[in-house]
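Just so it is clear: in the sequence shown, position 70 is 69 by numbering that gives the first Met the number 0, and no numbers are missing. Reviewing the structure listed below.
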Amino acid sequence: MGMNVGNSSSDDVMVDMNTTPLIDVMLVLLIMLIITIPVQTHAVNMNMPVNSNQAPPPTPPEIVKIDVDFDGTLYWQGEALEGRGDLQVKLYRVAQTPDQPEVHLNPNKLVEYKHVAMVLAEAQRLGVTKIGIVGNERFMN
0 MGMNVGNSSS DDVMVDMNTT PLIDVMLVLL IMLIITIPVQ THAVNMNMPV NSNQAPPPTP
60 PEIVKIDVDF DGTLYWQGEA LEGRGDLQVK LYRVAQTPDQ PEVHLNPNKL VEYKHVAMVL
120 AEAQRLGVTK IGIVGNERFM N
């Protein structure tokens, strides 16, 4: 370590430590540390599914369409029903199938809600689970 000492004639003495060798040693140690650390791979092994063409593509569900006209007339797949009894028989058949078809209830904009509520209540009572009202965007305005 070298020290720089001012001339002896002045009163203030300046003593500085030479830090260059210290920095050199630290840099060498840092480089050695970087070299000795092994390269780490951050790979995750995953078992990906195998593409098998053995499974058939899913079939679209069967859809049963029930329309309710403005006067409360019920239509099953476009055919007019005689009354509430016909609706009950048809909904019972739908409920008894192992893979129930989707029932789409399409009410007219002008129909009273009691007719729609009657269809929904009958479907629920008979065990129809896949039922929904379609065309709701008509009722926004």
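Backbone N, C-alpha and C fix where the C-beta goes; we use that ideal spot for every residue, glycine too. Note that this is a predicted model, so its numbers are computed, not measured.
Inset, instruction - Would you mind stating whether Y74 and I62 have Cβ atoms separated by less than 9 Å? - result: no
Inset, instruction - Would you kindly work out how many angstroms separate the C-alpha atoms of N105 and T58, rounded to a whole number? - result: 23 Å
Inset, instruction - May I ask you to report which of helix, strand or coil DSSP gives D85? - result: helix
Inset, instruction - For the alpha helix (DSSP H) containing D23, list its first residue and its last residue. - result: 19 to 35
Legend entry - Coarse secondary structure for H142, derived from DSSP in three states: The chain is shown from 0 up to 140; residue 142 falls before or after that span and cannot be answered.
Legend entry - Segment limits, beta strand (DSSP E) that includes K64: 62 to 67
Inset, instruction - Buried or exposed for V43, please, with buried defined as at least 16 other CB atoms from any protein chain shown within 10 angstroms of its CB. - result: exposed
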